[in-house]
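**Student:** Starting off with a structure, shown below.
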Amino acid sequence: MRVENVDVYYGDFRAVTEVNLEFGLHEITALIGPSGCGKSTLLRSLNRMNDLIDGARVDGEILFHGENIYSKGVDPIEVRRRIGMVFQKPNPFPKSIYDNIAYGPRVTGMKVESMDDLVEESLTRAALWDEVKDKLKQSAIGLSGGQQQRLCIARAISVRPDVILMDEPCASLDPIATMRIEDLMQELREQYTIVIVTHNMQQAARVADRTAFFTAQVSEGTGARTGVLVEYGTTTQIFEDPNDQRTEDYISGRFG
Amino acid sequence: MRVENVDVYYGDFRAVTEVNLEFGLHEITALIGPSGCGKSTLLRSLNRMNDLIDGARVDGEILFHGENIYSKGVDPIEVRRRIGMVFQKPNPFPKSIYDNIAYGPRVTGMKVESMDDLVEESLTRAALWDEVKDKLKQSAIGLSGGQQQRLCIARAISVRPDVILMDEPCASLDPIATMRIEDLMQELREQYTIVIVTHNMQQAARVADRTAFFTAQVSEGTGARTGVLVEYGTTTQIFEDPNDQRTEDYISGRFG
Amino acid sequence: MRTLQDSLAGAPTMPLKTGKAHGERRAGPLIFLIVLWLSLAVAVIFLLTLIVNLLLEGGSRFGMPLFTEYPSSSPDRAGARPAILGSIWVIATTALLTIPLGVAAALHLEEFADKKHWFNRIIELNVQNLAAVPSIVYGLLALAFLALIGVRDKNIVIGGALALSLLILPVIIIATREAIRAVPSEIRDGSLALGATKWQTTWRQVLPASVPGIATGSILALSRALGEAAPLLLLGALVFVSFDPNGLLSGFTTLPIQIFNWTGRPQEGFHELAAAASILLLGLLLLMNGLAIFIRNRYQKRW
Amino acid sequence: MLANTTASDTEATTTASTGGPTTPSGRPPRSSLAGRARPGEAVIKLVLRLAAAVAVLTTIGIVIALLVPAIGFFREVQVFDFLFGDRWAPRFADASFGVIPLVTATLWTTAIALLVAVPLGLGAAIFLSEYARPRVRNTLKPILELLAGIPTVVYGLFALQFIQTTVFREWLRLDTGAFSVLAAGLVMGVMIIPTVASISEDAMSAVPMSLRQGSFALGANRMQTSLRVVFPAALSGVMAAVVLGISRAVGETMIVAIAAGSQARIVTGPLEQGQTMTGFIANAALGDSRVGSLEYDTLYAVGLLLFLITLIVNFISIRLVRRFRQAY
Amino acid sequence: ALVLTACGGQPAAGGDSADGGVSGSVVADGSSTVAPLTEAAADFFRDEAPDVNVTVATSGTGGGFAKFCAEETDISNASRPIKDEEITLCEEAGIEYTEIVIANDGLSVVVNPENDFAKCLTVEQLNTIWGPEAEGTVTNWNQVDPSFPDLELALFGAGTDSGTFDYFTDAINGEEGAIRTDYSPSEDDNITVQGVAGDEGAIGFLGLSYVEENPDSMKAVEVDGGAGCVAPTAETVQDGTYSPLGRELFIYVNNASYAEKPQVKSFVDFYVESEAEVAEAALFIGLTEEQKTTAQDELATLG
Ligand SMILES: Nc1ncnc2c1ncn2[C@@H]1O[C@H](COP(=O)(O)OP(=O)(O)OP(=O)(O)O)[C@@H](O)[C@H]1O
Ligand SMILES: Nc1ncnc2c1ncn2[C@@H]1O[C@H](COP(=O)(O)OP(=O)(O)OP(=O)(O)O)[C@@H](O)[C@H]1O
Ligand SMILES: [Mg+2]
Ligand SMILES: [Mg+2]
Ligand SMILES: O=P([O-])([O-])[O-]
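Protein chains in written order, with the working numbering: chain A, 643 to 898; chain B, 643 to 898; chain C, 1145 to 1447; chain D, 158 to 485; chain E, 1281 to 1583.
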């Protein structure tokens, strides 16, 4: 998956400017940077979730298997099925656990031999099966925060995407739940390409193969703020040997 | 001002347990600690703002000039006049700048020789006079966030309190505005006793004379969480030589 | 760690451009959207038909005489002057009775009442229930009340205003509460922290900030009262009034009642007059609704 | 006015501080924190409380106003005969007081109104909440709400003269008389559309954005998201809207008085005419009933029944609304 | 509340105003059939005495008498003579009154314009249709006369509070108030008009003015009271051949009001004086010479 010269606008406001990135297959890429620098904005533009926001617009190309997902004739719904997403706050549907998982395959009209098997497989991969296998018919709202987030991951993989985008998936979780999700990411990485936004630098350092550091740049003339990609490289390089002064300041906690 | 054996309850829930503290006159005391440990709760109980929350209740004594502000016959309204408060989000009234400042003296029926002078004095002390002196009749809503917060400070001092409580006064401000407010606190400290809640440890280190570190303790038996005061001392001591392991962990960022 | 080049190799290609029509453009979603459109369209077409119908029928009678003339046995001479004035009297009286009362009740419930106290919970439940009571029941109430205090001629301005006031009081209370609730608690905290009393805070901060919301709600409620006929019918307001109502105890008729009366006449001319008066009434309601929306958009603060 | 009074009360007793604050915590306070009387404040609170109590008084008033004559009525007529009798002829020499005919007409008009208002109202609500951009919503919603503001007399005439006479009889050549519960019900349904639409839209808008995002992110389209995620999540609010629609329909008077007919008979089909409970009250009000006469009491017996029905319906609605408020 | 009672509901006690013209209010209630007459009179009267407020309510003849005998009204409109029990009521309240015949009317039996078989109905046939025994059994025209087609009956008529109801039941069914109850009774005659216009099998009864004004909606049948078929027209009503449904219309004047309130006196005098114009404007049949003289004599005795 490749991001080429991407600008994202909300109406007249340019939230992200000139981003070029390439996400490695079966790797975890972390996007880090201070608040408001456009990490979520960029992430949402990777599976056209931004289409749903009035006035949001993407310039440049986002190539998925070589095909620009913004080119004419591309079905945003198919894009979203192929590029799954997990949100900051767990957002299970107020339905049963089973129906939460079965929802995606049903709405996308996926041909499945046995929905039960698919549900089990998805939950197993999301390391949740053992905890919920006896209460599949119960409402997902009753689960704990960490379980809900794993359910959301299970739900995302139920439609067999290639890529999973995660926007601060652990921000609302306690440390133990966070650890479980991090472990899960490591497992999922075998099969999926993962892009994760995080505020927690330790987390980025722990899980990501590559890290992209963004910051908000204030234009001298107009005072307009926009997000820019400062540096992109392997996580080790970014954390241990950053090329850019701003990266170093941020990593060492001197700013932000 | 002294806090003696104070517990604060919301209904049955004990948000803060057994706090003993003494705020030094003309000193800045910072209350720090992780989210939900009851800092705001304690702060609000210092000027009886908690009275306004249904079910909130304070046990123990809070002595102001030797008088328990919770004892019978004490007028909470007088307490609030004497112990001012500044909030996290700047909350100017949707009135003119002048009326914002004049509001307190008017409602408390303060005898003032010249309201104009009082407004000027308050704004000057809050380091805002120069910026707004030509637009006193304009709506305060038009000011920038930092200016609004200074306006709120000017407003708080317009009724001549002895103590000013500030609950994360810079949380919604940018670094430059934050710096101005911090400078202002240093000046105000000459005349007022200031208690500030902050999440930003650098800020506490920069401005406070004394620091109190709180944390949320989970009861073994019931699993109920409650805020406790871990350690209280001069800022230098707390930051450089904490007595308690939990303080050290928090300060060094290992937890929270 | 693999290199980027390695990891990009061997990417499977499955086209995103499916042969099929796209997600939102497939038959199902399209039909669904059309059905939704139709739901709105039916309502709007209905509204238009009703208006066009009225215009066709009453347009020719819509002129000065409608405003200046008294009712008459001849449609050519008849006008709705007393009905217009009667409506104004009744609605103005209703407004004076209800708005202060409704606002005060709402202030109590929102700002002062201990929400857990049984008394306030009863009031709350009550207000919600009253909002759903059929208007004709308020007519029965006003009728019984006037009979109780011994008023003989029930067809008086204050009687009509009483029935309509009871009818819209809950509506105004609910609208005011919503307006008050929209005032952020920071404003209250700010005022209280300066040593203002609760009432000072309410009077000087909360109330001014919620005036646009209260105005909007009140106007809408009054416009509902303006169009009501059923409760007034019970007070015997179906009368021929050949004079201008001039006080609270004056006899009166209102536009909706006049319309109802005219349609009950044998002469076709009266039916046209009824349509013309309906146009007038509808125009008034449009005006009031428009004003309410204007206030809502213009003055309502986005905190 | 009131605020001024309080302010000056306060002034009289305040000890305004003069200089800057200098007292160290050990010294005695400059001024006591002692409470003081604020009589103005207390009076105002009382006044506000009384204003709120008017709401309760109104209910008590309604109950008494309806109950006293209704008791008079039930002295003459058995409750059983009233509730289950199938002949309603209260004002004739050979009187009988079975309310069933009025109830059947009310049921028909209400059911027809709901058949119109619920699908159309929900359709409009889904469109406004899930499809319309803010600007479209801000134009369409007031237009829709106009429907609720049209005087019911005007609706009644439209139902009678246009829907029943022109559309049903002339255009569609339906086998129906001058009046029908269908015409009245249809028009009443349109009147109720905004009620159903507006409350359901509130309920749907209250469904957190994150649920919609979750659905879209799985590759669902808008229809699927609306129908399978938003709608079920807003269900209790939608139910409340429907229930409120019911109470509006049951209580509506002028439309049915004008267009449904005035013969109290058991209605067995939509093209028949019939007199509803409200229709009876309005029609009887056109004549005159002396206070204390049986005719007068009859009005109130029907009024009481009407009040109880809407009360029950409304309680259900309040409970449902509370459920959807709690959900998030 | 006390104030309301004391004032009796209407403003201005009345009397001669400064400029010599009369002022004050005249309150009339009662028959909806007669109301258009009194309204027309009030309408014309306004040119004479613009300061007099005339209200005309329509509670039906019976309802009007109830108010009249409770001293709530000055004039009671009636489409039948006052009944014994009403006389008692007035006597008990100490009300003295004068009966004045103010116009003539042919109580018309009407059918749908499409109906081409029921051109003339005998009183017996009408009784078959409307009698109390017919309730639930006589539901088809062919039960009235075997030559009539198989067509369902739909019945409309005046409500129980109206004089029309009393008069019709007395004339056709032999006893006041005796009638089948499964018809559509309404105090609003226009419901009858619409009902008859809207149903091929409809039959109804109402005042002649409605028939004349709505020739497209319905047609009057001839009535055979034993002396052959007679259509209701001005002549047949005035000369009494339209029997038994030709009738006189009345106003009842409160003697005390007439004597003490100049505005009531001048209004009633004016009313009787201009009965011909009034009847014409209201689509009724004027008085015969004889009737007019009687009326003027009655007034003269009141002084
Ligand atoms: N829907 C929107 N409409 C307009 N502006 C938006 C919208 N969403 C975000 N923005 C703006 O775009 C900029 C980038 O926001 P974004 O949420 O992408 O930042 P972020 O890096 O994810 O921040 P955080 O770390 O706080 O989540 C911000 O200035 C924000 O105000
Ligand atoms: N009005 C309230 N009613 C009930 N519980 C409350 C209320 N306000 C706060 N609490 C609870 O009291 C505890 C302490 O809250 P408080 O706001 O004082 O924490 P804090 O230390 O200020 O946190 P933060 O740093 O996030 O502001 C929390 O568990 C909170 O949920
Ligand atoms: Mg973000
Ligand atoms: Mg806090
Ligand atoms: O209104 P009525 O003339 O029928 O009494």
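Beta carbons are placed, not taken as given, at the ideal position from N, Cα and C, and that holds for glycine.
Note that this is a predicted model, so its numbers are computed, not measured.
Would E:Ser1349 be called buried (16 or more neighbouring beta carbons within 10 Å of its own) or exposed?
**Tutor:** In the fifth sequence, counting from the first residue as 1, residue 1349 of chain E sits at position 69. According to the sequence provided, residue 1349 of chain E is Cys. The question's Ser does not apply to it. It counts as buried.
**Student:** Spatial neighbours of C:Thr1345 within its chain, please: CB distance less than 6 Å, with the 5 preceding and 5 following residues excluded, ordered by chain position.
**Tutor:** For this step, residue 1345 of chain C is matched to residue 201 along the third sequence. The answer, listed in chain order, is Arg1332, Ser1335, Leu1336.
**Student:** So, does the CB of D:Glu198 fall closer than 8 Å to a CB anywhere in chain C?
**Tutor:** Position 41 of the fourth sequence holds residue 198 of chain D. Closer than 8 Å to some Cβ of chain C, the Cβ of D:Glu198 qualifies, so yes.
**Student:** Which residues in the same chain have their Cβ closer than 8 Å to the Cβ of B:Gln859, if we skip the five residues on either side of it in sequence?
**Tutor:** Here residue 859 of chain B refers to the residue found at position 217 of the second sequence. These residues qualify, in order along the chain: Thr659, Arg867, Thr868, Gly869, Val870.
**Student:** Do we get a CB-CB distance below 8 Å when we pair B:Ile838 with the residues of chain D?
**Tutor:** Residue numbering aside, residue 838 of chain B sits at position 196 when the second sequence is read from its first letter. So no, B:Ile838 is outside the interface.
**Student:** Looking only at its own chain, which residues have a Cβ that is under 6 Å from the Cβ of D:Ala391, when we skip the five neighbours before and after it?
**Tutor:** Here the question's residue 391 of chain D lines up with position 234 in the fourth sequence. Within the same chain, D:Ala391 has close Cβ partners Ala360, Met361, Val364.
**Student:** Quick check: the segment 1290-1297 of chain C against the segment 407-423 of chain D, are there 3 or more CB pairs under 8 Å?
**Tutor:** No: fewer than three Cβ pairs fall under 8 Å.
**Student:** Which residues of the segment 298-319 of chain D have a Cβ closer than 9 Å to any Cβ of chain E? Give them in chain order.
**Tutor:** So the close ones are Leu317, Gln318.
**Student:** Taking all protein chains shown into account, do 16 or more other C-beta atoms lie within 10 angstroms of the C-beta of D:Met366, making it buried, or fewer, making it exposed?
**Tutor:** Here the question's residue 366 of chain D lines up with position 209 in the fourth sequence. The residue is exposed, with fewer than 16 neighbouring Cβ atoms inside 10 Å.
**Student:** For D:Tyr457, collect the residues of the same chain with a Cβ closer than 7 Å to its Cβ; drop the 5 residues on either side in sequence, then sort them by chain order.
**Tutor:** Locating residue 457 of chain D in the fourth sequence gives position 300, counting from the first residue. Around D:Tyr457: Leu223, Pro226, Ala227, Phe230.
**Student:** If I follow the unbroken alpha helix (DSSP H) through B:Ile783, where does it start and stop?
**Tutor:** Within the second sequence, residue 783 of chain B is the residue found at index 141, counting from 1. Element bounds for B:Ile783: n/a, residue is neither H nor E.
**Student:** Check each residue of the segment 202-214 of chain D: if its Cβ is closer than 7 Å to any Cβ of chain B, include it; give the result in chain order.
**Tutor:** Answer in chain order: no residues at all.
**Student:** My output table needs one value for E:Cys1589: the three-state DSSP class, helix, strand or coil.
**Tutor:** With chain E running from 1281 to 1583 in the structure shown, residue 1589 of chain E is simply not present.
**Student:** Quick check: does the Cβ of E:Thr1444 come within less than 7 Å of any heavy atom belonging to ligand 5?
**Tutor:** Position 164 of the fifth sequence holds residue 1444 of chain E. Correct: E:Thr1444 has its Cβ closer than 7 Å to ligand 5.
**Student:** So E:Thr1407 packs on E:Ile1452, CB below 8 Å; how close in whole Å?
**Tutor:** Within the fifth sequence, residue 1407 of chain E is the residue found at index 127, counting from 1. Within the fifth sequence, residue 1452 of chain E is the residue found at index 172, counting from 1. Note that residue 1407 of chain E corresponds to Asn in the displayed sequence, not to Thr. Right, the Cβ-Cβ distance comes to about 5 Å (below 8 Å), so this counts as a contact.
**Student:** On the criterion of 16 or more Cβ atoms from any shown chain inside 10 Å, does D:Trp328 qualify as buried, or is it exposed?
**Tutor:** Along the fourth sequence, one-based indexing puts residue 328 of chain D at 171. D:Trp328 is exposed by the Cβ-count criterion.
**Student:** Quick check: the Cα distance between B:Leu830 and A:Thr864, rounded to an integer number of angstroms?
**Tutor:** Here residue 830 of chain B is taken as the residue at index 188 of the second sequence, counted from 1. Here residue 864 of chain A is taken as the residue at index 222 of the first sequence, counted from 1. So the alpha carbons of these two residues sit roughly 35 Å apart.
**Student:** Considering only heavy atoms of ligand 5, does any lie closer than 7 Å to the CB of E:Ala1438?
**Tutor:** Along the fifth sequence, one-based indexing puts residue 1438 of chain E at 158. Yes, since a heavy atom of ligand 5 falls inside the 7 Å radius drawn around the Cβ of E:Ala1438.
**Student:** When you compare only the Cα positions, how much space is there between D:Gly280 and C:Arg1170?
**Tutor:** The residue given as residue 280 of chain D occupies position 123 in the fourth sequence. The residue given as residue 1170 of chain C occupies position 26 in the third sequence. Computed Cα separation, rounded: 19 Å.
**Student:** What residues match up with A:Val700 in a beta bridge as DSSP calls it?
**Tutor:** Indexing the first sequence from 1 puts residue 700 of chain A at position 58. For A:Val700, which the question treats as bridged, DSSP gives the partners A:Val650.
**Student:** B:Glu773 lies in the alpha helix (DSSP H); which residues open and close that run?
**Tutor:** On the second sequence, residue 773 of chain B is found 131 positions in, with the first residue counted as 1. It spans 771-774 - the alpha helix (DSSP H) in which B:Glu773 sits, taken as one unbroken run.
**Student:** Would you report the Cα separation of D:Ala416 and D:Met434, rounded to the nearest angstrom?
**Tutor:** If you number the fourth sequence from 1, residue 416 of chain D lands on position 259. If you number the fourth sequence from 1, residue 434 of chain D lands on position 277. One C-alpha to the other measures close to 14 Å.
**Student:** Taking a cut of 8 Å between CB atoms, which residues from the segment 653-675 of chain B lie near chain C?
**Tutor:** Hits within the stretch: zero.
**Student:** Can you find a C-beta in chain C that's less than 8 Å from the C-beta of D:Met361?
**Tutor:** Position 204 of the fourth sequence holds residue 361 of chain D. It does not: the Cβ of D:Met361 has no partner Cβ on chain C nearer than 8 Å.
**Student:** Under three-state DSSP, which class holds C:Arg1332?
**Tutor:** Position 188 of the third sequence, counted from the first residue, corresponds to residue 1332 of chain C. Helix, per DSSP.
**Student:** Excluding the 5 residues flanking E:Lys1499 on each side, which residues of the same chain have their C-beta closer than 6 Å to its C-beta?
**Tutor:** The sequence position of residue 1499 of chain E within the fifth sequence is 219, counting from 1. Excluding residues within five positions, the ones whose Cβ falls inside 6 Å are Pro1393.
**Student:** Quick one: what does DSSP say E:Leu1563 is sitting in, helix, strand or coil?
**Tutor:** By 1-based counting over the fifth sequence, the position of residue 1563 of chain E is 283. Here E:Leu1563 sits in coil by DSSP.
**Student:** Do you know offhand how far D:Ala212's Cα is from C:Pro1352's?
**Tutor:** Taking the first residue of the fourth sequence as 1, we reach residue 212 of chain D at position 55. Taking the first residue of the third sequence as 1, we reach residue 1352 of chain C at position 208. Going by the C-alpha atoms only, they are around 24 Å apart.
**Student:** What in chain D is Cβ-close to C:Pro1407, meaning under 7 Å?
**Tutor:** In the third sequence, residue 1407 of chain C corresponds to position 263, counting from 1. Contrary to the premise, residue 1407 of chain C reads as Thr rather than Pro in this sequence. By Cβ distance, chain D contributes Leu314.
**Student:** Who are the neighbours of D:Arg480 on chain A, taking C-beta pairs under 7 Å?
**Tutor:** In the fourth sequence, residue 480 of chain D corresponds to position 323, counting from 1. Neighbours of D:Arg480 on chain A: none; closest Cβ ~12 Å, over 7 Å.
**Student:** Anything in chain E within Cβ reach of D:Asp251, meaning under 7 Å, just list it in chain order.
**Tutor:** Within the fourth sequence, numbered from 1, the residue matching residue 251 of chain D stands at position 94. Within chain E, the residues near D:Asp251 are Pro1412, Thr1461.
**Student:** Are the C-beta atoms of E:Ala1580 and some chain D residue less than 8 Å apart?
**Tutor:** Within the fifth sequence, residue 1580 of chain E is the residue found at index 300, counting from 1. Judged by the 8 Å Cβ criterion, E:Ala1580 is not in contact with chain D.
**Student:** Using a Cβ-Cβ cut-off of less than 8 Å, list which residues of the segment 680-696 of chain A approach chain D; keep chain order.
**Tutor:** If the cut-off is 8 Å between Cβ atoms, the segment 680-696 of chain A has Asn689, Met691, Leu694, Asp696 near chain D.
**Student:** By alpha-carbon positions, which one of A:Pro811, A:Gly788, A:Tyr740, A:Ala782 ends up nearest to A:Val849?
**Tutor:** Locating residue 849 of chain A in the first sequence gives position 207, where the first residue counts as 1. Selected option, being the one with the closest Cα: A:Pro811.
**Student:** Short check: CB of C:Leu1429 to CB of D:Gly306, under 8 Å?
**Tutor:** Here residue 1429 of chain C refers to the residue found at position 285 of the third sequence. Here residue 306 of chain D refers to the residue found at position 149 of the fourth sequence. For C:Leu1429 and D:Gly306, yes; Cβs fall inside 8 Å.
**Student:** Just by C-beta distance, which residues in the segment 877-893 of chain B are closer than 8 Å to chain C?
**Tutor:** Against chain C - using a Cβ distance shorter than 8 Å - the segment 877-893 of chain B contributes no residues.
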